[in-house]
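Structure first, then comments.
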Amino acid sequence: MEKLSVAILVVALLTRPHGGTCSSSDGQKPFTSIVSFGDSLADTGNLPLWQDPVLPAVVSFMSPPYGETFFGHPTGRASDGRLVIDFVADALGLPLVAPFLAQGQDFTAGVNFVVAGALL
């Protein structure tokens, strides 16, 4: 999974024009959304929203130091900052991908079905 994540990041960065985001020759973005599947390397916050009392490790994702580096507060990610999927979204000129279990989200720009600890 790590090799696939790195490959996706490399492709996204290599297709990014210098000084801007990805765009086609007519100025439109070639991608309008991201649909993400994977494991904890790409979970943007679904695991804490799952609310399963059998998973005590979830609590740790919702407390410091998780999220302090980039977001300034815990985000439910198994990371202190951004994930590979965040860099891909940034390179494509798209907003950060929202977790599927988040309430009141607009998924027109993409959705993240990833849950940390999932097996692919």
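Quick note on numbering: the sequence shown equals residues -22 to -1, 1 to 98 in mature numbering (1 follows the signal peptide of the UniProt record, and there is no 0). We treat Cβ as the ideally placed atom computed from N, Cα and C, and that holds for glycine.
Nearest-angstrom Cα distance between Ala56 and Gln6?
Locating residue 56 in the sequence shown gives position 78, where the first residue counts as 1. Locating residue 6 in the sequence shown gives position 28, where the first residue counts as 1. Distance between the alpha carbons of Ala56 and Gln6 is about 33 Å.
Pick from Leu72, Gly95, Val62 and Val93: whose alpha carbon is nearest that of Phe85?
Looking up residue 85 in the sequence shown gives position 107. Out of Leu72, Gly95, Val62 and Val93, Leu72 has the C-alpha closest to the C-alpha of Phe85.
Can you give the beta carbon distance from Asp21 to Val92, rounded, assuming they're within the 8 Å contact cut?
Mapped onto the sequence shown, residue 21 falls at position 43. Mapped onto the sequence shown, residue 92 falls at position 114. At roughly 4 Å, the Cβ-Cβ gap stays under 8 Å, so Asp21 and Val92 are in contact.
What ranges does the beta strand (DSSP E) occupy inside the region 47 to 95, keeping only unbroken runs of at least 3 residues that lie completely in it?
88 to 90
Go to Pro8, then tell me how far its alpha helix (DSSP H) extends in each direction, as first and last residue.
For the purposes of this step, residue 8 is taken as residue 30 along the sequence shown, with counting starting at 1. That residue, Pro8, is in no alpha helix (DSSP H); it is neither H nor E in DSSP.
Which same chain residues end up closer than 7 Å to Asp58 when comparing Cβ atoms and leaving out the 5 residues on each side of it in sequence?
Counting from 1 along the sequence shown, the entry for residue 58 is found at position 80. The residues are Pro43, Tyr44, Gly45, Glu46 and Thr47.
When you compare each of Phe78, Val13 and Val62 to Leu27 by their alpha carbons, which one comes out closest?
The residue given as residue 27 occupies position 49 in the sequence shown. The option with the nearest alpha carbon to Leu27 is Phe78.
Could you round the C-beta distance between Ile12 and Gly88 to whole angstroms and report it? I think they count as a contact, below 8 Å.
Here residue 12 refers to the residue found at position 34 when the sequence shown is read from its first residue. Here residue 88 refers to the residue found at position 110 when the sequence shown is read from its first residue. That belief holds up - the Cβ atoms of Ile12 and Gly88 are roughly 4 Å apart, short of 8 Å.
Which residues in the same chain as Pro52 place their Cβ atom closer than 6 Å to its Cβ, once the five residues preceding and following it in sequence are excluded?
One-based indexing of the sequence shown puts residue 52 at position 74. Contacts found: Met40, Ser41, Tyr44 and Gly45.
Reducing DSSP to helix, strand and coil, say where Ile(-15) ends up.
Residue mapping note: residue -15 aligns to position 8 of the sequence shown, counting from 1. Helix.
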